[in-house]
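A.B. asks: Residue numbers (our numbering): 3 to 452.
Take this structure first; my questions come after.
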């Protein structure tokens, strides 16, 4: 696997991701997705939606608003408890999370500790600043992770409102609307893809942890006594999705959360972890959120969010199983997983064809073939994301398409004007096959699912 510097440089050089606002000196930990990056993001999202919504007999979709009534975040516990313990190193002026300092230095998980206990532990164990080695820390301060803004047209006179720190709450507050309007029955999954924002103290590792990110989340509502069964079902379902799209099983593992690190709403949580170049870390979280969220919103909103089963004559507040995946994070994992060096070919992005940013490259060999090449491009691009490249040595053009992961190249060769056939090259095998232009769409029809 490539190291992180190589991955970051690859993304910058090939149009996957650029530093945000670069002409103004950039903005720390902000990234813009370039022509290939946006296609890869879209393809990952489509692959997830196809498996988790389109092919599921239980799940339907939603797109809730980023801005929500502030009471949503009071009910969910974000206003009162969504914060991190912040410490400043007085010598080098770097900021750190106190719990991370403790865990990194001693492998002790301080989940649930008071600020005073963390401060005392750091002093007693002589824990130092990772940057300068000093032990001269400030007192711990509470760091609010939600971005606050104002709703109103006059500066200073608006009401406080938040950018959502997760997409899940938009699903919970719409549970009643979705059940009523879709006549849904239990079990029921509500899925959505959308932006979320967290004012992280220490974002980093490229697009792994950013303040603005996208989530692909499913909230799966079920009878309370079936929650454990569904929890195990979705764990396997998520892992199978990753493996189906070519993720190396050696880079993946499950990690069950210990009781002292569970979130306040969770009865059990497991992470699918990926072995990134910077270390093994969370890729996908699957949690049994119990009935915490619906009951919390019922208490604050005074709305009845319970479910009545007309067949069994039962009324209950459903439990929720939540598989939550960061789109940016899984994009990085697919790049790390797929970018390999092949002897004699150099770097090749061996990504699953359905996820590849570009599916087919149209490559004419001579100027007199360009009109025919354009005709082939028009035919292909109605159905597949394609590119057209007419300059440069054909070997170098193949190498370029290998580098960005294009599964197939269609070369308008020296005989194409005579026999109306083209040469199709397979990225994975480098094998070449001559095919009639009229048969191209049929040939590609079973190569891609998306």
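No residue lacks a Cβ here, since even glycine has one placed at the ideal position from N, Cα and C.
Quick caveat, the model's predicted, so the values are computed rather than measured.
1. Run through the segment 183–246 for me and flag every whole alpha helix (DSSP H) of 4 or more residues, listed as ranges in chain order.
2. Entirely within the segment 100–134 and at least 4 residues each: give me those alpha helix (DSSP H) ranges in chain order.
3. Do you know whose CA, among 198, 317 and 353, lies nearest residue 405's CA?
4. Can you grab the Cα-Cα spacing for the pair residue 181 / residue 313, in whole Å?
5. Using a Cβ-Cβ cut-off of 6 Å (strictly less than) and excluding sequence neighbours within five positions of residue 286, which residues of its own chain qualify?
6. Mind checking residue 261: buried by the 16 CB within 10 Å criterion, or exposed?
7. Which stretch, first to last residue, makes up the beta strand (DSSP E) that contains residue 282?
8. Can you find at least 3 beta carbon pairs, one from the segment 56–75 and one from the segment 190–205, that sit closer than 8 Å?
9. Can you tell me which residues form a DSSP beta bridge with residue 63?
10. So, under 8 Å CB-CB, residue 400 and residue 362 are touching, yes? Tell me the CB distance rounded to an integer number of Å.
11. Classify residue 417 as helix, strand or coil using the three-state DSSP reduction.
12. Compare the beta carbon distance of residue 188 and residue 279 with 9 Å and say whether it is the shorter of the two.
13. Taking the beta carbon of residue 226 as the centre, do at least 16 other beta carbons fall within 10 Å, making it buried, or is it exposed?
14. Please go through the same chain and pick out, in chain order, the residues whose beta-carbon is closer than 7 Å to the beta-carbon of residue 331, but skip the five residues on each side of it.
15. Hey, residue 1 and residue 381 are a contact pair by Cβ (cut 8 Å); roughly how many whole angstroms apart?
16. Can you tell me where the alpha helix (DSSP H) holding residue 14 begins and where it ends?
17. Is residue 201 near residue 149, with beta carbons less than 9 Å apart?
18. Of all the alpha helix (DSSP H) runs that stay within the bounds of the segment 300–379, which reach a length of 4 or more residues?
19. Give the secondary structure of residue 163 by DSSP, where H, G and I count as helix, E and B as strand, and everything else as coil.
20. What do you reckon, are the CB atoms on residue 250 and residue 128 nearer than 9 Å?
21. Quick check on the DSSP output: the beta strand (DSSP E) that includes residue 435 runs from which residue to which?
22. Span of the alpha helix (DSSP H) holding residue 41?
23. Taking Cβ to Cβ, would you say residue 415 is nearer than 9 Å to residue 425?
24. Can you list, in chain order, the residues of its chain with a C-beta nearer than 8 Å to that of residue 77? Leave out the 5 residues immediately preceding and following it.
25. Could you say which of 440, 236, 268 and 165 lies nearest to residue 61 if we only look at CA atoms?
26. For residue 291 versus residue 324, is the C-beta spacing smaller than 9 Å?
27. Should residue 245 be labelled buried (16 or more other beta-carbon atoms within 10 Å of its own) or exposed?
28. Secondary structure at residue 145, three-state DSSP: helix, strand or coil?
29. Nearest by alpha-carbon distance to residue 108: which of 419, 317 and 126 is it?
30. What residue does the alpha helix (DSSP H) around residue 398 start on, and which one ends it?
31. Would you check if the distance between the CB atom of residue 190 and the CB atom of residue 223 is smaller than 9 Å?
32. Answer with buried or exposed for residue 310, where buried requires no fewer than 16 other C-beta atoms within 10 angstroms of its C-beta.
33. Once you ignore the five residues that flank residue 372 on each side, which residues in its own chain have a CB closer than 7 Å to its CB?
34. Tell me where the alpha helix (DSSP H) around residue 444 begins and ends.
35. Measuring alpha carbon to alpha carbon, tell me which of 452, 432 and 422 ends up nearest residue 438.
36. Can you look up residue 277 in the DSSP assignment and give me helix, strand or coil?
C.D. replies: So, from the listed chains and residues:
1. Entirely contained in the segment 183–246, the alpha helix (DSSP H) runs reaching 4 residues are, in chain order, 229–246.
2. 100–108 and 117–126
3. Locating residue 405 in the chain shown gives position 403, where the first residue counts as 1. It is 353 whose Cα lies nearest to the Cα of residue 405.
4. As a working note, residue 181 is residue 179 in the chain shown. As a working note, residue 313 is residue 311 in the chain shown. Residue 181 and residue 313 have their C-alpha atoms some 15 Å from each other.
5. Position 284 of the chain shown, counted from the first residue, corresponds to residue 286. Closer than 6 Å at the Cβ level, and outside the excluded window around residue 286, lie 240, 274 and 327.
6. Taking the first residue of the chain shown as position 1, residue 261 is located at position 259. Flag for residue 261 reads exposed.
7. On the chain shown, residue 282 is found 280 positions in, with the first residue counted as 1. 281–292 is the span of the beta strand (DSSP E), which, as asked, contains residue 282.
8. yes
9. As a position in the chain shown, residue 63 is number 61, starting the count at 1. Bridge partners of residue 63: 193.
10. Position 398 of the chain shown, counted from the first residue, corresponds to residue 400. Position 360 of the chain shown, counted from the first residue, corresponds to residue 362. For a cut-off of 8 Å, the C-beta gap from residue 400 to residue 362 is around 13 Å, too long to register as a contact.
11. Here residue 417 refers to the residue found at position 415 of the chain shown. Looking at residue 417 - three-state DSSP - the assignment turns out to be coil, as it is neither helix nor strand.
12. Residue mapping note: residue 188 aligns to position 186 of the chain shown, counting from 1. Residue mapping note: residue 279 aligns to position 277 of the chain shown, counting from 1. No. Outside cutoff.
13. Indexing the chain shown from 1 puts residue 226 at position 224. It is exposed - the Cβ of residue 226 has fewer than 16 other Cβ atoms within 10 Å.
14. On the chain shown, position 329 is the one that residue 331 refers to. So the qualifying residues of the chain are 210 and 285.
15. Outside the modelled stretch of the chain, which goes from 3 to 452, sits residue 1, for which no answer is possible.
16. On the chain shown, residue 14 is found 12 positions in, with the first residue counted as 1. It spans 6–16 - the alpha helix (DSSP H) in which residue 14 sits, taken as one unbroken run.
17. Translated into positions along the chain shown, residue 201 becomes position 199. Translated into positions along the chain shown, residue 149 becomes position 147. Closer than 9 Å, so yes.
18. 329–340
19. Taking the chain shown and counting its residues from 1, the one referred to as residue 163 is at position 161. Note: residue 163 maps to strand in three-state DSSP.
20. Position 248 of the chain shown, counting from 1, holds the residue named residue 250. Position 126 of the chain shown, counting from 1, holds the residue named residue 128. Their beta carbons are not under 9 Å apart, which means residue 250 does not touch residue 128 by this criterion.
21. Position 433 of the chain shown, counted from the start, is the residue given in the question as residue 435. Note, residue 435: beta strand (DSSP E), 434–438.
22. Here residue 41 corresponds to residue number 39 of the chain shown, with the count starting at 1. Its alpha helix (DSSP H) spans residues 37–51.
23. By one-based count along the chain shown, residue 415 stands at place 413. By one-based count along the chain shown, residue 425 stands at place 423. Going by C-beta atoms, residue 415 is nearer than 9 Å to residue 425.
24. If you number the chain shown from 1, residue 77 lands on position 75. The answer, listed in chain order, is 298, 299, 301, 302 and 303.
25. Locating residue 61 in the chain shown gives position 59, counting from the first residue. The option with the nearest alpha carbon to residue 61 is 236.
26. The residue given as residue 291 occupies position 289 in the chain shown. The residue given as residue 324 occupies position 322 in the chain shown. Going by C-beta atoms, residue 291 is nearer than 9 Å to residue 324.
27. Numbered from its first residue, the chain shown carries residue 245 at position 243. Exposed, by the Cβ-count rule.
28. For the purposes of this step, residue 145 is identified with residue 143 of the chain shown, where counting begins at 1. Strand at residue 145.
29. Looking up residue 108 in the chain shown gives position 106. The candidate whose alpha carbon is nearest that of residue 108 is 126.
30. Within the chain shown, the letter at position 396 stands for residue 398. That run of the alpha helix (DSSP H) goes 396–406.
31. Position 188 of the chain shown holds residue 190. Position 221 of the chain shown holds residue 223. Yes. Within cutoff.
32. If you number the chain shown from 1, residue 310 lands on position 308. Result: exposed.
33. The residue given as residue 372 occupies position 370 in the chain shown. Same-chain partners within the cutoff: 366 and 392.
34. Mapped onto the chain shown, residue 444 falls at position 442. Its alpha helix (DSSP H) spans residues 442–446.
35. Here residue 438 is taken as the residue at index 436 of the chain shown, counted from 1. Here the closest residue by C-alpha is 422.
36. Looking up residue 277 in the chain shown gives position 275. Of the three classes helix, strand and coil, the one that applies to residue 277 here is strand, per DSSP.
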